[in-house]
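Residue numbers (the numbering used here): 54 to 346. Please read the structure below before turning to the comments.
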Ligand SMILES: NC(=O)c1ccc[n+]([C@@H]2O[C@H](COP(=O)([O-])OP(=O)(O)OC[C@H]3O[C@@H](n4cnc5c(N)ncnc54)[C@H](OP(=O)(O)O)[C@@H]3O)[C@@H](O)[C@H]2O)c1
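Encoded structure:
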C-alpha cells in the first residue's frame, strides 16, 4: 500500500488543495485514523479503533523518532510532525500534551489540515480552563477563564478555538490515570507534597478516556465541546487515603502540607454521557482500586 506520508514533488512545490485527496483516492480507507501524539492515550485509542474497524490503517504522528519502533510493533504507522501529507484522513485525533512544543495551537491547526472533513476530528483538551477554584460544580458549558489571565489556559483555549473553527470537536479531560501514572503515582513518588489536601480534583481512567474518544469520533460530531470525567470528584487527601487503603502500592505517602493554594472544582458530564451514549468502565478511582469509598 502507498504511504500517505510520502512527499510528492508536486506537494513540495505547493500542490493545489485538490491533490490532498481523502478516502476517494483509494489510498486512505474510509475508517483510517491519524493519531497526532500516539502516547499513552493515543495508543489505547488505536487499539479500540481497530477493534471497531478491523482492517483499517492507523497512523501516528510524533515530535521525535524515539518511539517509532514501538509504534510499528503495535501496528501504528509512524511519521514525524511536519512531514508533508499527500492525503487527508477521515478521522483525526489530536491527543498530544502541550509540553513538547512552542506553538500548541499551531500544531493543532496543522493536524486539522490533515482531516478531510468526512468522519471527525477530535482534540483532547483539559478541564483546566473551567473558571472555578472554590471546589464548586462545573459542567460542559460552565464559564471558562478569560483569555489573558493564565498562559496555561490561554494555550488550551486557543488550541480549542482552532479546532472548533474548523468543525472539529473538543473533549475536555479530567486528570488521567492508570495504576502507575497520574496524580496519585506522582504524589506517591514525592512522599510529601506542598499542596493543600482539601482541593477537589477529577479523574478519568486512561481506558475510559480512550473509549469516550472513540465513541465521539464514531458519532461524527462537529463543533462540539464534551467533558470526560468519572463523576466522582475527590479531594487530594481522599485520593491518597484510597491509595493507602487499597494496599496495592509499596511506597508510603507522607502528606500534603499546603494551606493557601487554590481549591478545585467538581465536574459532572451527565450531558456528555447522554449525548454520546457512553459510560466509563471504572466508575470511580475507588472502583478501579477495588476498595469502597
Ligand atoms: N495527563 C493528564 O492528566 C491530562 C489531563 C487532561 C488532558 N490531558 C490530555 O490528554 C491527552 C493525552 O495525554 P497522554 O498522557 O496520553 O500524552 P503522552 O503519553 O504524554 O503523549 C506523548 C506523545 O505525544 C507526542 N507529542 C507530544 N507533543 C506533540 C506535538 N506537538 N505534536 C505531535 N506529537 C506530539 C509524543 O511524541 P514523541 O514520541 O516524539 O515523544 C508522544 O508520542 C493530551 O492531549 C493531554 O493534554 C491529559
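The beta carbon of each residue, even a glycine, is placed where N, CA and C say it ideally should be.
So residue i and residue j are supposed to be a Cβ contact under 8 Å. How far apart are they, rounded?
i: residue 130; j: residue 106; result: About 15 Å; that fails the 8 Å criterion.
i: residue 210; j: residue 250; result: That pair is no contact at about 29 Å.
i: residue 228; j: residue 254; result: 6 Å
i: residue 224; j: residue 266; result: 6 Å
i: residue 174; j: residue 86; result: With 8 Å as the limit, residue 174 and residue 86 do not qualify as a contact, their Cβ atoms being about 11 Å apart.
i: residue 222; j: residue 274; result: 5 Å
i: residue 168; j: residue 268; result: The Cβ separation is near 18 Å, so there is no contact.
Considering just the uninterrupted stretch of the beta strand (DSSP E) at residue i, what are its terminal residues?
i: residue 153; result: Where residue 153 is concerned, there is no enclosing beta strand (DSSP E), given that its DSSP letter is neither H nor E.
i: residue 341; result: First-last for residue 341: 338-342, but that is the alpha helix (DSSP H), not the beta strand (DSSP E).
i: residue 320; result: 318-320
Using only alpha-carbon positions, find the residue among the options that is nearest to residue i.
i: residue 95; options: 317, 146 and 133; result: 146
i: residue 294; options: 346, 285 and 152; result: 346
i: residue 81; options: 180, 138 and 212; result: 138
i: residue 284; options: 167, 325, 276 and 308; result: 325
i: residue 310; options: 287, 247 and 274; result: 247
i: residue 97; options: 135, 134 and 262; result: 262
i: residue 343; options: 301, 330 and 319; result: 301
i: residue 83; options: 123, 140 and 126; result: 140
i: residue 296; options: 91, 164, 165 and 244; result: 244
i: residue 327; options: 314, 272 and 340; result: 272
Does the beta-carbon of residue i have 16 or more other beta-carbons within 10 angstroms, so that it is buried, or is it exposed?
i: residue 88; result: buried
i: residue 239; result: exposed
i: residue 54; result: For residue 54, the pLDDT reaches just 42, beneath the cut-off of 50, and the residue's location in the model is therefore unreliable, leaving the point undetermined.
i: residue 160; result: buried
i: residue 305; result: exposed
i: residue 212; result: buried
i: residue 277; result: buried
i: residue 152; result: exposed
i: residue 201; result: exposed
Just to confirm the assignment, what range does the alpha helix (DSSP H) spanning residue i have?
i: residue 173; result: From DSSP, residue 173 is part of no alpha helix (DSSP H) but of the beta strand (DSSP E) over 168-179.
i: residue 192; result: That residue, residue 192, is in no alpha helix (DSSP H); it is neither H nor E in DSSP.
Counting only C-beta atoms, is residue i closer than 9 Å to chain C at any point?
i: residue 196; result: In the displayed structure, chain C is absent; only one protein chain is listed.
(message) As an exercise, report each continuous beta strand (DSSP E) stretch of at least 3 residues that is fully enclosed by the region 87-114, in chain order.
(response) none
(request) Within the region 217-263, note down every full alpha helix (DSSP H) run reaching 4 residues or more, in order along the chain. (result) 236-243
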